[in-house]
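Below you'll find the structure, written out as structure tokens, and then a few comments.
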Amino acid sequence: MLTVILAAIPALTAPATASSAPAPGASRPVLISSTPHPEPAWFNADARLLVHTMPTVTGGRTTATTLLFTPRGKAPRGGWPVVAWAHGTTTPGNKDCAPSLTPDDLDGGLTRDGFASDYAWELGHLVNAGYAVVAPDFEGLGPRATTPLPYYSADSLARSLITGVQAARQAERTLSNSYVAVGHSDGGHAVLGVEAHAGEAPELRFAGTAALAPFTSIPKQVAAFERDAQTSPDPVTAANGRVNAQFNVALMAVGLAARQPFDPTTIMGPHLAEVLPRFAAQCSVGANAVIRQAVEAKPGSFAGYHPDWAANEAMRNFLAISDPGADPRFALRKPTFIAQGTNDAFVFEEVVTPFVATARQNGSPIDYRIYPGADHFSLIKASGEDLLDFLARRLPR
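Residue numbers for the sequence shown, in mature numbering (1 follows the signal peptide of the UniProt record, and there is no 0): -20 to -1, 1 to 377.
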């Protein structure tokens, strides 16, 4: 059965090894094309779709796509300051679930499928405030993708953002060389890794990080979902805990397998392993539904992730290089803004707050804001003005 599973999921068959860090300037992209692209009508910007090269997690090169929103009007002296925007989880592995292919919502199908993301609001909020917004489809996503999506790979995510900014400056000469990385959910996780790779683009000035509901400390997130599944008196919360614990481990399995050969049955039972092909082929909402249907079909007997899944050597190494919450020494040196809602049912405040505390103890200059009552997506509007205040300090004009 395992052979069938692996053959059915390209993301679980790509032989790969972790990429080594390119020398400064070595990862500079080649801009292939820059063409007009649809955008929400209320954006005061010109939108373009950039096609360019970027490094892959296998050490090669691939074709990537990035959206560029440039404010209309005269650029300030020094050029439009740049926000590199990192979207949240749009899919475990379907390249068509890309922000550039959903121009109305810019969220890879989240809003279309029932999770109103407010990503279009966020990008419009930024561009209308005078920031050029660079919004990449991550490696493995978008109309020109030829390699699997290496989900949750911190190096790939960072290079998607950095090469997106480099390509944008090739396409649009009115952009500043200064940028801040801003992201939500898995995008919030993504931007936490940009500082480590910023030196690969020495012509750029990396000015800081803003992470909204950062999807970090995955084993702790899974444990919190499992606790809800076992102890919550609310049947809906308990059911969601059962599903989302399995969902998160499945995401990590698919992400790891895009980097190197990996047998998912080493960390999960047959019931979860056998649905991975359908899971990986969906956009996020559909992928979650695949897990839910499988769990509910075998109440009390679903053979899902193993309790020691994160102790598996390959998985432990993957989390060590990709999850900042797995590194007790993790620290950032540039100013950082982190926002978290208390009612987030996907990224728990109880997990993010200790992560921030540890990073602060390690010397990270973090402005941490907790928004009472905000959930995973309402956090975006709740934190909107605080984000603009942070950007104004980091990208003065």
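For each residue, glycine too, the CB sits at the ideal point set by N, CA and C.
May I ask which residues mark the beginning and end of the alpha helix (DSSP H) holding residue i?
i	result
Leu359	358 to 362
Ala269	264 to 277
Gln201	198 to 211
Thr189	Premise fails: Thr189 lies in the beta strand (DSSP E), 185 to 192, not in any alpha helix (DSSP H).
Pro334	329 to 341
Asn228	215 to 237
Asp135	134 to 151
Leu256	256 to 260
Ala176	174 to 177
Rounded to a whole number of angstroms, what is the C-alpha to C-alpha distance between residue i and residue j?
i	j	result
Thr69	Leu236	15 Å
Arg239	Met232	11 Å
Asn108	Asn74	31 Å
Thr143	Asp26	20 Å
Pro194	Val327	7 Å
Pro9	Gly167	21 Å
Gly39	Pro279	43 Å
Leu(-9)	Arg377	For Leu(-9), the predicted model reports a pLDDT of 40, less than 50, meaning its position is unreliable; a value from the coordinates is still stated below. Using only the alpha carbons, I get a separation of about 46 Å.
Ala269	Leu121	21 Å
Trp60	Ala225	42 Å
Ser140	Gly173	11 Å
Gly284	Asn323	27 Å
Ala96	Ala253	29 Å
Asp243	Leu371	43 Å
Ala219	Val255	18 Å
Thr338	Pro304	11 Å
Asn297	Thr196	15 Å
Ser264	Ala325	15 Å
Ala230	Glu175	28 Å
Tyr132	Tyr348	23 Å
Glu119	Met34	8 Å
Glu365	Arg57	24 Å
Gly179	Arg185	9 Å
Phe310	Gly110	32 Å
Leu368	Leu106	8 Å
Phe335	Gly353	20 Å
Arg374	Trp289	40 Å
Ile346	Ala277	44 Å
Gly249	Ser80	36 Å
Gly266	His169	22 Å
Ser158	His177	15 Å
Ala291	Gly53	54 Å
Ile198	Gly94	24 Å
Pro257	Gln273	14 Å
Could you spell out the range, first to last residue, of the beta strand (DSSP E) harbouring residue i?
i	result
Pro51	41 to 51
His15	Contrary to the premise, residue 15 reads as Thr rather than His in this sequence. Counting along the chain, the beta strand (DSSP E) containing Thr15 begins and ends at 11 to 16.
Gly163	155 to 164
Leu25	The question names Leu, but residue 25 is Ala in the sequence shown. 25 to 35 is the span of the beta strand (DSSP E), which, as asked, contains Ala25.
Asp347	346 to 351
Taking 8 Å as the limit between beta carbons, can you name the residues of its chain near residue i, skipping five residues before and five after?
i	result
Pro148	Looking at the sequence shown, residue 148 is not Pro but Ala. For Ala148, where only same-chain residues beyond five positions count, the Cβ hits under 8 Å are Leu30, Thr46, Leu48, Val62, Ala112, Val114, Leu155.
Gln341	none
Arg92	Thr82, Asp85
Ser(-1)	Below a pLDDT of 50, predicted positions are generally treated as unreliable, and Ser(-1), at 49, falls in that range; the measurement from the model is reported next regardless. Cβ within range, chain order: Gly39.
Ala294	Leu236, Gln240, Phe242, Thr246
Arg313	Glu175, Gly343, Ser344, Pro345
Whose C-beta lies closer than 6 Å to the C-beta of residue i among residues of the same chain, with five residues either side of it excluded?
i	result
Gly217	Inspection of the sequence shows that residue 217 is occupied by Thr rather than by Gly. These residues qualify, in order along the chain: Asp208.
Val171	Ala66, Ala161, Gly163, Thr189, Ala191
residue 378	The shown model of the chain, from -20 to 377, leaves out residue 378, and the question about it has no answer.
Arg124	Val31, Thr43, Thr45
Thr36	Thr42, Thr127
Phe282	His251, Val275
Cys77	Thr70, Thr71, Gly88, Gly89, Cys263
Val234	Ala(-10), Pro72, Gly73, Tyr131, Ala260
Ile271	Val223, Gln226, Phe227
Ala64	Val114, Leu141, Val145, Tyr159, Ala161
Leaving out five residues on either side along the sequence, give the residues of the same chain with a beta carbon under 7 Å from the beta carbon of residue i.
i	result
Ala204	Phe328, Glu330, Val331
Pro116	Ala44, Thr46, Ser140, Leu141, Gly144
Pro83	His17, Pro18, Glu19
residue 380	There is simply no residue 380 to check, as the chain begins at -20 and stops at 377 in what is shown.
Arg28	Ser14, Thr15, Pro16, His17, Leu48, Ala151
Taking 8 Å as the CB-CB limit, is residue i close to chain D?
i	result
Val202	Within the model displayed, chain D is absent; a lone protein chain is all it includes.
Contact between the region 48 to 55 and the region 128 to 138 is defined here as three or more beta-carbon pairs at a separation below 8 Å; is this criterion met? The region 48 to 55, when compared against the region 128 to 138, does not touch it at the 8 Å Cβ threshold.
Just checking, does the region 356 to 363 make contact with the region 93 to 103 on the three C-beta pairs under 8 Å criterion? yes
Let me know the beta strand (DSSP E) ranges lying completely inside the region 288 to 324, each 3 residues or longer, listed in chain order. 316 to 321
Would you mind listing the beta strand (DSSP E) stretches within the region 43 to 125 that are 3+ residues and don't spill past its ends, in chain order? 60 to 66, 112 to 116
Count Cβ pairs between the region 309 to 323 and the region 174 to 193 that sit closer than 8 Å; are there 3 or more? yes
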